[in-house]
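Residue numbering for the sequence shown follows the UniProt record's numbering, starting at 1 and increasing by one per position.
Worksheet: one structure, shown below.
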Amino acid sequence: MKERTNKITIYDIAQKLNLSASTVSRALQNNPLINEETREKIQATAMDMGYVPNWIASSLRKKRSNIIGLIVPRTSMYFQSTAISGIQHEAHKYGFSIVIGQSDETVAMEKELAHTFYSLRVDGLLAVASMFTTNFDHFSPFIKNNIPLVFYDRVPVDFPGYSITGDDFKGGFLATEHLIKQGCKKIAHFSGQLTCNLYQQRLSGYKEALAKYNIPYEEQLVYIHNLTMDAAGQAARELFDKGDLPDGLFTANDSSAVAFIQEANKRNIAIPGQIKVVGYSNDLSSRIISPSLTTIEQSGYNMGQKAVETIVKLINHEENSKVTKNFVFPVELIQRESTMVSN
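Right, here's the structure in full:
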């Protein structure tokens, strides 16, 4: 067995370059007091020598880690990937690093990640609740110890803290109203689990639009599932097998709409001729499916930026009158081929 080699320290780098340890330390932290040439030389030497910073020890000394934890359901989701991009870019501007964990839409993994990030002494935590999260008890160590916690996109019901969301009620209303204005009179809805605030709000918007235009709400036209391609495909098959088809469909995400259109295409059911379809999120898939998908844009990148801006202000104790507690992004409908009316 090989002997474990001693770790390189800032003192080793300082000795090699004939500099003080404090100069090396500042340079490795990109302190502007160290001129650029010296900073680059120190950083290059540190890399060459295999120096690995002990950020845990550093955070204990400074009482700050400069790390923000991030919990998301799945990084593969288009909306989350764009939000993460906004988070990463904005965090870098403020000098913070992001550590990401995926809950895989399970409460158990979400609890484990919350515990891990608390143990890692992150300066703050950004989180998107899983579709099945019904309370925020497992985030209580952050709340009790005044460690900034901001939810974005999906927020646990009755969470009293800071949140960044899209206007999901308005999105559901716009999608359904658009279908009605395109001539639809029997509109189905694919919803996510109603334990989640997003899908509650989008369903409420759907119901409100129906009520406004005096179209009866029919519970059998609402299909509740996990909004994956497989689940949506199964819901589409159930809908088609019943017969007596709707003339419109609003889905609570784009991947469900894509799965529905694919199943319709297999059965030679014309979209938008027989059924007009509206999705949600403006995923890349909405632009490449045929016919292209009418959808609701909800600005994932901007939401990610806003989430970081909010949590950094909380970390820096700037919350008094400078931070909107529950920020809501506007949404807009983008019309494409899936709801076009034939001439």
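Each residue gets a CB set at the ideal place from its N, CA and C atoms; glycine is no exception.
field: First through last residue of the beta strand (DSSP E) which encompasses valine 277
entry: Start and end: 276 to 278.
- request: Under 8 Å Cβ to Cβ from glutamate 177, same chain only, skipping five residues before and after it: list those, please.
  value: Ala209, Lys212 and Tyr213
- request: Under the assumption that glycine 166 contacts glutamine 298 (Cβ atoms under 8 Å), give the Cβ distance between them as a whole number of angstroms.
  value: 4 Å
message: What ranges does the alpha helix (DSSP H) occupy inside the segment 210 to 282, keeping only unbroken runs of at least 4 residues that lie completely in it?
response: 229 to 242 and 254 to 266
- request: With DSSP collapsed to three states, give me the class of histidine 178.
  value: helix
- prompt: proline 148 and isoleucine 311 look like a contact to me (Cβ under 8 Å); what is the Cβ gap, rounded to whole Å?
  reply: About 5 Å separates the two Cβ atoms, so the contact holds.
task: Pull up the CB-CB distance for phenylalanine 190 and alanine 252, whole angstroms please, since I reckon it's below 8 Å.
output: 6 Å
task: Give the secondary structure of isoleucine 311 by DSSP, where H, G and I count as helix, E and B as strand, and everything else as coil.
output: helix
query: When the Cα atoms are used, what is the spatial distance from valine 277 to serine 286?
result: 11 Å
query: Between Ile224, Ala188, Met303 and Ser256, which lies nearest to threonine 195 when the distance is taken from Cα to Cα?
result: Ile224
- request: On a CA-only basis, which of Ser204, Thr75, Gln15 and Glu332 is nearest phenylalanine 169? Give me that one, please.
  value: Ser204
- prompt: Where do the ends of the alpha helix (DSSP H) carrying histidine 89 lie?
  reply: 78 to 93
message: Would you call the segment 106 to 113 in contact with the segment 141 to 159, where contact means no fewer than 3 C-beta pairs closer than 8 Å?
response: no
query: For residue 344, does the three-state DSSP call read helix, strand or coil?
result: The requested residue 344 is not part of the displayed model; the chain covers only 1 to 343.
Range of the contiguous alpha helix (DSSP H) that encloses leucine 70: No alpha helix (DSSP H) contains leucine 70, which is instead part of the beta strand (DSSP E) from 67 to 72.
Strand pairing of glycine 304, partner residues [DSSP]: In the DSSP output, where bridge partners are listed per residue, glycine 304 has none listed.
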